[in-house]
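Residues in the sequence shown are numbered from 164 upward in steps of one, following the numbering used here. The structure appears below as structure tokens.
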Amino acid sequence: DSDDLQLVCSQGWAIWVWWLSTCFRLIPRTRRLSRYYESVESDLNVSTNMLQLFKYTMIVFMTAHWLGCIYFFIARMQSLNDSTWVGRLETMLPGYHSHTAPIDTQYLLCLYRGFCALTVAFASSMPGHAWEIL
Numbered sequence: 164d165s166d167d168l169q170l171v172c173s174q175g176w177a178i179w180v181w182w183l184s185t186c187f188r189l190i191p192r193t194r195r196l197s198r199y200y201e202s203v204e205s206d207l208n209v210s211t212n213m214l215q216l217f218k219y220t221m222i223v224f225m226t227a228h229w230l231g232c233i234y235f236f237i238a239r240m241q242s243l244n245d246s247t248w249v250g251r252l253e254t255m256l257p258g259y260h261s262h263t264a265p266i267d268t269q270y271l272l273c274l275y276r277g278f279c280a281l282t283v284a285f286a287s288s289m290p291g292h293a294w295e296i297l
């Protein structure tokens with residue numbers, strides 16, 4: 164256990180600095196998105212119901228994105244070993260290897276994990292391959 168902590172501390176500082184630096188970009192982007200929604204709401208040609216549906220859908224997808232990214236970040240801090248959810252996927256998904264998987268497969272798994280965290284269904288059902296995630 165102490166070896167894992169030392170590994171996280173030795174590799175983790177660069178990842179933490181990168182993660183914190185990217186989090187600061189969230190504030191101006193959120194403000195920009197809020198101003199965009201305000202400008203669209205003032206347009207009389209836009210249906211309010213459709214705009215509300217779009218906003219709700221964006222909130223759900225962004226929440227799933229952030230949850231999935233946070234779960235993956237925590238797993239990556241632990242070097243994607245077998246004690247993490249990403250490491251356990253190697254035994255559940257045939258042909259998946261966390262260290263050699265393409266970035267799009269990893270992102271789909273993060274999104275899947277984020278949506279499952281929203282619905283509390285991750286442990287009960289696992290996809291057999293990447294197409295089942297979609």
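Even for Gly, the Cβ is constructed at its ideal location relative to N, Cα and C. Please read all numbers here as calculations on a predicted model, not as lab measurements.
| field | Delimiting residues of the alpha helix (DSSP H) encompassing residue 197 | value | Its alpha helix (DSSP H) spans residues 189 to 205.
| request: Could you pull out every unbroken alpha helix (DSSP H) segment of at least 4 residues lying fully inside the segment 209 to 274, listed in chain order? | output: For the segment 209 to 274, whole alpha helix (DSSP H) runs of length 4 or above, ordered along the chain, are 211 to 240, 248 to 255.
| request: May I ask you to verify whether the segment 262 to 281 touches the segment 227 to 246, counting CB pairs closer than 8 Å and requiring at least 3? | output: Under the 8 Å Cβ criterion, the segment 262 to 281 counts as touching the segment 227 to 246, having at least three qualifying pairs.
| message | Across the segment 261 to 271 and the segment 240 to 250, are there enough close Cβ pairs to call them in contact, namely three or more that are closer than 8 Å? | response | Judged by Cβ distances under 8 Å, the segment 261 to 271 makes contact with the segment 240 to 250, as three or more pairs qualify.
| said: Please return the same chain residues whose Cβ sits closer than 7 Å to the Cβ of residue 253, not counting the five positions on each side in sequence. | reply: Close CB contacts of residue 253 within its chain, under the 7 Å cut and outside five residues either way in sequence, are with 259, 260, 261 (chain order).
| message | Counting C-beta neighbours from all protein chains within 10 Å, is the total for residue 165 16 or more, i.e. buried, or is it exposed? | response | The pLDDT assigned to residue 165 is 47, lower than 50, so where the model puts this residue is not dependable; a value taken from the coordinates is nonetheless given after this. Around the CB of residue 165, fewer than 16 other CB atoms lie within 10 Å, so the residue is classed as exposed.
| Among residues of its own chain, excluding the 5 on either side of residue 183, which ones have a beta-carbon nearer than 6 Å to its beta-carbon? | Excluding residues up to 5 positions away in sequence, nothing lies with its Cβ nearer than 6 Å to the Cβ of residue 183 in the same chain.
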